[in-house]
Amino acid sequence: MEASTETLLYAAELVEENGTYTLVVRDVRRGTVQTTPVPGTMVDKLPVFLSALAAKLHPRPARGRW
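Numbering (the working numbering), first residue to last: 21 to 86.
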C-alpha cells in the first residue's frame, strides 16, 4: 500500500494589529506573499463564508422523496 504525501501549496493567516485586519497569503511553491486589508465586518462573517465555500465545493446529494 502506497503512503500518501501532503504538500503545502498555500498558507493563509488573518492578522489583527491595533484593530486593523490583514489577510496574508503565502505561495509556498513560489516563495511569494500577498497581503490585503480586510474590513472587520468581513472578519466577523468569515465562518459563514467558509461554510458557504465548503458547501459549494462539497455539495450534499439531494434527498429523494420517500
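Beta carbons are placed, not taken as given, at the ideal position from N, Cα and C, and that holds for glycine.
Contact set for residue i: own chain, Cβ-Cβ below 8 Å, skip 5 residues either direction
i: V58; result: L34, Y41, T42, L43
Alpha-carbon to alpha-carbon, residue j and residue i
i: T52; j: R46; result: 6 Å
i: T56; j: T27; result: 25 Å
i: T61; j: V48; result: 29 Å
i: H78; j: E37; result: 34 Å
i: A74; j: A31; result: 18 Å
Opening and closing residue of the beta strand (DSSP E) in which residue i lies
i: V48; result: Here V48 belongs to no beta strand (DSSP E), and DSSP marks it neither H nor E.
i: A31; result: 30 to 37
Best match in the options for proximity to residue i [C-alpha to C-alpha]
i: D64; options: G39, A23, L29, E22; result: G39
Residue i, enclosing alpha helix (DSSP H) - first and last residue
i: S71; result: 60 to 77
Contact set for residue i: own chain, Cβ-Cβ below 7 Å, skip 5 residues either direction
i: V68; result: none
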